[in-house]
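Chemist: End of the sequence shown sits at 297 in my numbering; the numbers just go up one at a time, nothing left out.
Each residue gets a CB set at the ideal place from its N, CA and C atoms; glycine is no exception.
If you're wondering where the values come from, they're calculated on a predicted model, not measured in any experiment.
One structure is given below, represented as structure tokens, and several questions about it will come after.
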Amino acid sequence: MSGLKPSEKIWHNGELIPWDEANLHVCSHVVHYASAVFEGIRCYNTQNGSAVFRLDDHIKRLTQSAHIYRMPIGYSAEALQEACLETIRANEMESCYIRPIVFRGYHSLGVNPLPCPVEVYIAVWEWGSYLGEEALEQGVDVMVSSWNRLAANTLPGIAKAAANYMNAQLIKMEALQNGYAEGIALDSRGYVSEGSGENVFVVCNGRLITPPLAAAVLPGITRDCIMLLARQLGYEVVENDIPRETLYIADEVFFTGTAAEVTPVRSIDRISIGSGRRGPITEELQKAFFAHVEGRVDDTHGWLTPVYAEVGATVGS
Ligand code: PPE
-19 MSGLKPSEKI WHNGELIPWD EANLHVCSHV VHYASAVFEG IRCYNTQNGS AVFRLDDHIK
41 RLTQSAHIYR MPIGYSAEAL QEACLETIRA NEMESCYIRP IVFRGYHSLG VNPLPCPVEV
101 YIAVWEWGSY LGEEALEQGV DVMVSSWNRL AANTLPGIAK AAANYMNAQL IKMEALQNGY
161 AEGIALDSRG YVSEGSGENV FVVCNGRLIT PPLAAAVLPG ITRDCIMLLA RQLGYEVVEN
221 DIPRETLYIA DEVFFTGTAA EVTPVRSIDR ISIGSGRRGP ITEELQKAFF AHVEGRVDDT
281 HGWLTPVYAE VGATVGS
């Protein structure tokens, strides 16, 4: 895997600073206790110029994650949205991944985070396909993880918090070590939860099922898009508990996520899913999803925020 390609500037508490100067002291609270919440957002190079996909929903989730952890961000949602756009512009990116992160910085150590300052950074970089070059077309081979997702009332699953990603790392490393692209974790009750960085959908008899939020899943914004687009295409979509074995007998299984977009799953625990390749409903939903993010259909949901100019505005108008 290639390393992170630096961009020019990073936004820090209202100022743009050079990438190489966005450093932390090792005794910052976040380093020791994972006291951070963050977002992952994509900016697409659409037909009408660069646009950020569902920026307001991502910033809303960021502020909610911070609220759960009693972190006063100090910036309004509007200011944070504008800061994301400003960072993309400062780096002259056409398309990129955007990573706002809010954390407890340097002051004192010990579990109590409250005396430590809340720092806000926004970095942008180029991020291509998440699960390998051919994943979107060919699908990926995954395993059911031996690790469960977070149990209720342990770490809040609805917050996109750094600490949750220690669990995600266990899922991911186990999968990679065993020759799979990704793991699907069960929740603490034994029902299907999610991947290390993706939500999961199964298709059975033309119906889409995805685990409910109570199954320890992140309320994925791509998950929300796919539920809406699938319903618009006439499919029934339900949020139900999914027993593990349903995965093996499903007609189709796919992942959703900002980074993973809509990625088909072709096998689970070496059992092939459906025909063992991308299924027709997955493909139809991919097409609908990419048509929206790339601005090839009318943005009736208001999902795209233009970066450099009004999306849809014609030159000279
Ligand atoms: N579950 C988890 C655990 C998760 O991390 C993500 C996003 C999702 C579901 C999908 O959520 P959404 O992006 O809103 O549709 N994972 C982000 C981080 C991945 C990473 O490796 O870092 C992402 O896709 O940006």
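#1: Taking the alpha carbon of residue 254 as the reference point, which residue from 195, 151, 119 and 240 has its own alpha carbon closest?
#2: Hey, quick one: how far does the alpha helix (DSSP H) through residue 308 stretch, first residue to last?
#3: Could you round the C-beta distance between residue 235 and residue 178 to whole angstroms and report it? I think they count as a contact, below 8 Å.
#4: I need the straight-line Cα distance from residue 131 to residue 204, nearest angstrom please.
#5: Residues around the ligand PPE, please: the ones whose beta-carbon is closer than 5 Å to some heavy atom of it, in chain order.
#6: Put residue 121 into one of helix, strand or coil per three-state DSSP.
#7: When the distance is taken between beta carbons, is residue 183 closer than 8 Å to residue 261?
#8: Going by DSSP, which residues form a beta bridge with residue 16?
#9: So if DSSP puts residue 147 in a beta bridge, which residue, or which two residues, is it bridged to?
#10: Please say whether residue 287 and residue 266 have beta carbons closer to each other than 8 Å?
#11: Using 10 angstroms around the beta-carbon of residue 122, count the other beta-carbons present and answer buried if the total reaches 16, otherwise exposed.
#12: Please determine, among 239, 87, 227 and 83, the residue with the shortest C-alpha to C-alpha distance to residue 101.
#13: Could you check how far apart the C-beta atoms of residue 135 and residue 148 are, in whole angstroms? I think they sit under 8 Å.
#14: Residues in its own chain within less than 7 Å of residue 173 by CB, not counting five upstream and five downstream?
#15: Return helix, strand or coil for residue 245, following the three-state DSSP convention.
#16: With a threshold of 8 Å between beta-carbons, can residue 107 be considered close to chain D, or not?
#17: State buried or exposed for residue 76, treating a residue as buried only when at least 16 other CB atoms are found within 10 Å of its CB.
#18: To the nearest angstrom, how far is the alpha carbon of residue 87 from that of residue 45?
#19: Starting from the Cα of residue 181, find the closest Cα among 284, 157, 206 and 239 and give me that residue.
#20: For residue 104, which of helix, strand or coil comes out of DSSP?
#21: Could you tell me which of 42, 139, 259 and 49 sits nearest to residue 60, measuring between CA atoms?
#22: Does the separation of the CB atoms of residue 218 and residue 210 fall below 8 Å?
#23: Should residue 280 go down as buried or exposed, given a rule of 16 or more other Cβ atoms within 10 Å for buried?
#24: Among residues of its own chain, excluding the 5 on either side of residue 274, which ones have a beta-carbon nearer than 7 Å to its beta-carbon?
#25: From residue 12 to residue 90, what does the alpha carbon distance come to, in whole angstroms?
#26: Per DSSP, what kind of secondary structure is residue 230 in: helix, strand or coil?
#27: Around the Cβ of residue -18, are there at least 16 other Cβ atoms within 10 angstroms (buried) or fewer (exposed)?
#28: Just to confirm, are residue 70 and residue -4 a CB contact at a threshold of 8 Å?
#29: Rounded to the nearest angstrom, what separates residue -14 and residue 72 at their Cα positions?
#30: Can you tell me the Cα-Cα spacing of residue 221 and residue 227, whole angstroms?
#31: Answer yes or no: do residue 37 and residue 201 have a C-beta to C-beta separation smaller than 8 Å?
#32: What is the residue span of the beta strand (DSSP E) that residue 96 lies within?
Modeler: According to the structure data:
#1: 119
#2: The requested residue 308 is not part of the displayed model; the chain covers only -19 to 297.
#3: 4 Å
#4: 23 Å
#5: 20, 174, 177, 179, 198, 200, 201, 202, 237, 238 and 239
#6: strand
#7: yes
#8: 83
#9: The partner list for residue 147 (beta bridge, DSSP) is empty, contrary to what the question assumes.
#10: With a cutoff of 8 Å on beta-carbon distance, residue 266 and residue 287 are scored as not near each other.
#11: buried
#12: Of the listed residues, the one whose Cα sits closest to residue 101 is 83.
#13: Rounded, the Cβ-Cβ distance is 11 Å, inconsistent with contact.
#14: Excluding the 5 residues flanking it on each side, residue 173 has same chain C-beta neighbours closer than 7 Å at 129, 165, 166, 167, 191, 195, 196 and 197, in chain order.
#15: strand
#16: Among the chains in the structure shown there is no chain D, since it carries only a single protein chain.
#17: buried
#18: Rounded to whole angstroms, residue 87 to residue 45 spans 22 Å at the Cα level.
#19: 206
#20: strand
#21: 42
#22: Going by C-beta atoms, residue 218 is not nearer than 8 Å to residue 210.
#23: Within 10 angstroms of the beta-carbon of residue 280 lie fewer than 16 other beta-carbons, which makes it exposed.
#24: 24, 26 and 27
#25: 9 Å
#26: coil
#27: When all chains shown are included, residue -18 counts as exposed.
#28: yes
#29: Between residue -14 and residue 72, the C-alpha separation is close to 13 Å.
#30: C-alpha of residue 221 to C-alpha of residue 227: approximately 12 Å in a straight line.
#31: Yes, Cβ-Cβ distance for residue 37 and residue 201 is below 8 Å.
#32: Residue 96 -> no beta strand (DSSP E), and no H or E assigned at all.
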